[in-house]
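Step one of this worksheet: look at the structure below.
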Amino acid sequence: MEQTIWVLFLLFFCLRLGTLAVSIRNEKRLNQNGAKEFGKRNSLAMAVLHVIFYLSAIFEAALRGVAFDGWSLTGVVLFICSYIVLLAVIFQLREIWTVKLYIAEDQKINKSFLFKYVRHPNYFLNIVPELIGIGLLCHAWYAMIILFPLYAVTVMVRVIQEEKIMKERFVDF
């Protein structure tokens, strides 16, 4: 496997770990302030599938000796775009952003441009393109055919959970 793919993969993986650290810090603060977590099993399934997807992608790349090409470049561009959206989401949600589903006691609905015009941008403009980007970078066709649909199910479950909770808790949702 070409070194470029390894380097980019490790960079992207480290970026994801950095956002996970932000999430963990926010979770601790939310828990201390009485926030309630919902959908714990689905959050666990999402986390496990996310890690398995990443590991499967790099395993496929290593197994096949993948070279950096047009597919890989498309994956990098997609990942970068998805990460820009993630940073925007984290910036806008600040201390309530987590990879889990928390509702803070004093939480307000975010009505910024991103959230006003895109339902669940963290999933549809970040996570989904991120995984496709990693899959394309690594030419991880099996991961995308087998694992991505499983991950998509957990995303849809999460969206349904969020919609239900938000409608129950917020009049202006």
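For the sequence shown, this note's numbering gives the first residue as 1256, with consecutive numbering after it. In this text, a Cβ means the ideal position worked out from N, Cα and C, and glycines have one as well. This one's a predicted model, so the numbers in the text were calculated from it and none came from an experiment.
query = To the nearest whole angstrom, what separates the beta carbons of Glu-1360 and Asn-1288, a pair I think is in contact under 8 Å?
reply = 7 Å
key: Cross-strand partners of Phe-1293 (DSSP beta bridge)   = Leu-1356
inquiry  = Suppose you measure from the CA of Val-1408 to the CA of Ile-1307; what does that come to, to the nearest Å?
reply    = 15 Å
query = Looking only at C-alpha atoms, which of Lys-1422, Leu-1402, Glu-1423, His-1375 sits nearest to Arg-1436?
reply = For residue 1436 there is no data in the structure shown, the boundaries of the chain being 1256 and 1428.
request  = Taking Ser-1278 and Ala-1398 to be in contact with their CB atoms under 8 Å, please state how far apart those CB atoms are, rounded to whole angstroms.
outcome  = Contact flag wrong, Cβ pair sits at about 23 Å.
query = Would Val-1383 pass as a contact of Val-1410 if the rule is Cβ separation under 9 Å?
reply = yes
request  = Can you tell me the Cβ-Cβ gap for Leu-1304 and Leu-1402, rounded? I've got them flagged as a contact below 8 Å.
outcome  = 6 Å
ask   = Within 10 angstroms of its Cβ, does Val-1426 collect 16 or more other Cβ (buried), or is it exposed?
value = An exposed status is given to Val-1426, since fewer than 16 other beta-carbon atoms sit within 10 Å of its beta-carbon.
request  = With a cut-off of 8 Å on the beta carbons, I'd call Tyr-1378 and Glu-1292 a contact; round off their distance for me.
outcome  = At roughly 17 Å, the Cβ-Cβ gap does not stay under 8 Å, so Tyr-1378 and Glu-1292 are not in contact.
key: Where the alpha helix (DSSP H) through Lys-1283 begins and ends   = 1258-1287
Cβ shell of Gly-1320 (< 6 Å), same chain only, five flanking positions each side left out = Met-1256
task = Determine contact between the region 1330-1339 and the region 1388-1398, defined as no fewer than three beta-carbon pairs at a distance below 8 Å.
result = Contact between the region 1330-1339 and the region 1388-1398 is established, with three or more Cβ pairs separated by less than 8 Å.
message = Between the alpha carbons of Ile-1420 and Ile-1313, how many angstroms are there, rounded?
response = 36 Å
key: Thr-1409 Cβ short of 8 Å to the ligand GTP heavy atom set   = You won't find the ligand GTP in this model; it holds no ligand whatsoever.
task = Jot down the residue ranges of each uninterrupted beta strand (DSSP E) in the region 1312-1387, minimum 3 residues, whole runs only, in chain order.
result = 1356-1358
request  = Could you please give the first and the last residue of the uninterrupted alpha helix (DSSP H) stretch that includes Leu-1405?
outcome  = Following the DSSP letters along the chain, one finds Leu-1405 inside the alpha helix (DSSP H) bounded by residues 1403-1424.
request  = State the DSSP-derived secondary structure class of Ala-1398, mapped to helix, strand or coil.
outcome  = helix
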